[in-house]
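Trainee: Before I ask anything, here is the structure I am working with.
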Amino acid sequence: MPRTKIVILGGGFGGLYTALELEKTLARDPDIEITLVNHENFFLFTPMLHEVAASDLDMTHIVNPIRKLLKRVRFFAGDVESIDLDNKRVRVFHGEDEHHHELEYDHLVLALGAITNFFKLPGLEERALTMKSLGDAIELRNRMIALLEESDFECAQDLRRRLLTFVVAGGGFAGVETVAAMNDFLREACDFYPHLHAEQIRVVLVHPGAVILPELGEKLGAYAQKKLAERNVEMRVNTRVAGVTEEGVRLSHGEMIPTSTIVWTAGTSPHPLLDTLACEKEKGRIVVDATLAVPNHAGVWALGDCAVIPDPKTGKAYPPTAQHAIREGRVLAQNLKAAIRGGKRKPFEFKTIGLLASIGRRTGVAQILGRNFSGFMAWWLWRTIYLSKLPRFEKKVRVAVDWTLDLLFSKDLVQFKTHRAPTVSHTLHGKPEPLMVDMKGAPRAKQEEMMMSV
Ligand SMILES: Cc1cc2nc3c(=O)[nH]c(=O)nc-3n(C[C@H](O)[C@H](O)[C@H](O)COP(=O)(O)OP(=O)(O)OC[C@H]3O[C@@H](n4cnc5c(N)ncnc54)[C@H](O)[C@@H]3O)c2cc1C
């Protein structure tokens, strides 16, 4: 009997939690083969990403190797190139030479998430940093440290001001947590740069709405805004980024902020691979039914940020958050089991438990089961809840240790550069190096050429 093949595309919250649920059921069946494909070989816990950028956490502590999370589900580290729904095949590539493999499937789970959208704003794509991947957080951290190093010995006042100005666009969760973490990091770091003072640091948050963190309501948004302003974060609300040049960031009402750093968190777009699929979409995301199946495409499922999932209570789509993607993954896995083994499929239903944001200096804002929290209590809830959600005991311990050490020591200022150390390729003291090449079998002329070249 041919084995039933399930292929999951994407190892973020949606894809991974589908696979984790399947580990308990279908993955135990020798007649079923389940494969998860992901670009990186790790699962990234995005809610703590800003803590890596701001040097609160070690960069590997918020990621988990997918192989350590899955025992029965096969893992393929590679990139999905194309999806052929008619012939039930997925083309993937990996390796240095980017060679291809074809994965056949009976059931396909689409969990490719979303990507950053720059909305064709002039100069933005070339110059902006993003906050989506682990690499993004490391790049931002490196950039902040590099600019502090440069500014410390920069005597041209204008240039120094530009180097020490940082703009974050987007007053949602990612933008607010990032700007707060950057602000704390940069101001604290000044203690170690003798020619810099915290007052020289300029951090600006640009947000198109009237109040930041709109998902949390006006009261908590206004609180977060006030707290950030007290810590010298400049607020530009009701404002959009109009463009970015080498000189700085131009805002919608005409102001030009001289800076060399803009972090863009103000827009996402569904994964571009979805464009190639002939199924119903809404603003580029795949429309699924209440059981997370894609209508008119038997055996195709979708969840997370790349799917539009109807909320039966409101009639609107569920929001694209990690807490939803986790629950969707569990329901999707159970429905997959029902589709293969028979049984009743269940609709996805979930009510947001809470929303939390850390806004720096041991303060936060949170709305849990309809109750608002702010200040230290909200920050403590943020840490406790997210620590409990971080997969694997080992990583929980590592993060808890990092947080404890953070109370005792100042933030680390080491840049993570991956350049090769300087090298040369010449003979030692002009003497010919021992002949390392194998000349056996080479024709005489070739042997002479090889001798000349060593
Ligand atoms: C900075 C930040 C902070 C956040 N904080 C919170 C929070 O506090 N609480 C909350 O609920 N939500 C938060 N979110 C939102 C949350 O991360 C997303 O809603 C969630 O990750 C969606 O899960 P997903 O599986 O749909 O997509 P993702 O988690 O993005 O997973 C998609 C996966 O697909 C992989 N992939 C993409 N393309 C390919 C390809 N071609 N080939 C192979 N693999 C591919 C990606 O590498 C990725 O691993 C945050 C997001 C960000 C960026």
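For the sequence shown, the residue numbers in the numbering used here are 84 to 537.
The beta carbon of each residue, even a glycine, is placed where N, CA and C say it ideally should be.
(1) Do you know offhand how far residue 431's Cα is from residue 374's?
(2) Tell me which same chain residues have a C-beta within less than 8 Å of the C-beta of residue 362, skipping the five on either side of it?
(3) Residue 97 and residue 194 look like a contact to me (Cβ under 8 Å); what is the Cβ gap, rounded to whole Å?
(4) Please list, in chain order, all residues of the same chain as residue 385 whose beta carbon is under 6 Å from its beta carbon, the five residues on each side excluded.
(5) Is the beta carbon of residue 224 closer than 9 Å to that of residue 281?
(6) Cβ of residue 253 within 9 Å of Cβ of residue 290?
(7) Any heavy atom of ligand 1 closer than 8 Å to the beta-carbon of residue 127?
(8) Do residue 314 and residue 283 come within 9 Å of each other at the CB atom, strictly closer than that value?
(9) Quick one: using the 10 Å Cβ neighbour count with 16 as the cut-off for buried, is residue 343 buried or exposed?
(10) Leaving out five residues before and five after residue 367 in sequence, what residues of the same chain have Cβ atoms less than 8 Å from its Cβ?
(11) What residue from 256, 312 and 424 has the CA that sits closest to residue 440's CA?
(12) Compare the C-alpha of residue 336 against each of 299, 121 and 320 and name the closest.
(13) Going straight from the alpha carbon of residue 139 to that of residue 483, what length do you get?
(14) Select from 206, 507, 146 and 171 the residue whose C-alpha is nearest the C-alpha of residue 360.
(15) Just to confirm the assignment, what range does the alpha helix (DSSP H) spanning residue 222 have?
(16) Considering only C-alpha positions, which residue in the set 445, 458, 496 and 464 is nearest to residue 490?
(17) Would you mind listing the beta strand (DSSP E) stretches within the region 316-354 that are 3+ residues and don't spill past its ends, in chain order?
(18) Pull up the DSSP beta-bridge partners for residue 457, would you.
(19) How many angstroms separate the CA atom of residue 537 from the CA atom of residue 508?
(20) Work out the CA separation of residue 510 and residue 534 for me, nearest whole Å.
(21) Among the candidates 494, 443 and 346, whose CA atom is the shortest distance from the CA of residue 212?
(22) Along the chain, which unbroken stretches of the beta strand (DSSP E) at least 3 residues long are found entirely within the region 364-439?
(23) Compute the minimum distance between the beta carbon of residue 205 and the heavy atoms of ligand 1, and state whether it is under 8 Å.
(24) Verify the CB distance criterion: does residue 185 have a CB-CB separation below 9 Å to chain C?
(25) Listed by chain order, which residues have C-beta atoms less than 5 Å from any heavy atom of ligand 1?
(26) Can you check whether the CB of residue 92 is closer than 9 Å to the CB of residue 163?
(27) Using the beta-carbon count (16 or more within 10 Å), is residue 478 buried or exposed?
(28) Less than 7 Å between C-beta atoms, sequence neighbours within five positions excluded: which residues of the same chain meet that for residue 341?
(29) Hey, could you find the ends of the beta strand (DSSP E) residue 248 is sitting in?
(30) Would DSSP call residue 119 helix, strand or coil?
(31) I need the DSSP call for residue 533, collapsed to helix, strand or coil.
(32) Go ahead and label residue 420 buried or exposed: buried means 16 or more other beta carbons lie within 10 angstroms of its beta carbon, across all protein chains shown.
(33) Quick test of the definition: if touching needs 3 or more C-beta pairs under 8 Å, does the region 261-280 touch the region 142-150?
(34) Return helix, strand or coil for residue 274, following the three-state DSSP convention.
(35) Indicate the three-state DSSP secondary structure (helix, strand or coil) for residue 182 in the structure shown.
Mentor: A quick look at the data gives this:
(1) 6 Å
(2) 168, 369, 370, 377, 378, 379, 380 and 383
(3) 4 Å
(4) 193, 369, 371 and 377
(5) no
(6) yes
(7) yes
(8) no
(9) buried
(10) 352, 353, 357 and 358
(11) 256
(12) 320
(13) 11 Å
(14) 171
(15) 217-235
(16) 445
(17) 316-319, 324-327, 331-334, 339-341, 344-347 and 351-353
(18) 448
(19) Only weak support exists for where residue 537 lies, its pLDDT of 35 falling under 50; the value from the coordinates is given anyway. Cα to Cα, the separation comes out at about 10 Å.
(20) Summary for residue 534: the model assigns pLDDT 46, below 50, so the residue's position carries little reliability; its value from the coordinates is reported in the next sentence. One C-alpha to the other measures close to 13 Å.
(21) 346
(22) 368-370 and 383-385
(23) no
(24) In the displayed structure, chain C is absent; only one protein chain is listed.
(25) 93, 94, 95, 96, 97, 121, 122, 129, 130, 132, 162, 163, 194, 195, 196, 214, 215, 257, 387, 388, 403, 404, 405, 406 and 408
(26) yes
(27) buried
(28) 244, 245, 248, 330 and 331
(29) 248-252
(30) strand
(31) Reliability of the predicted coordinates at residue 533 is poor, the pLDDT of 46 falling under 50, and no value is obtained from them.
(32) buried
(33) no
(34) helix
(35) strand
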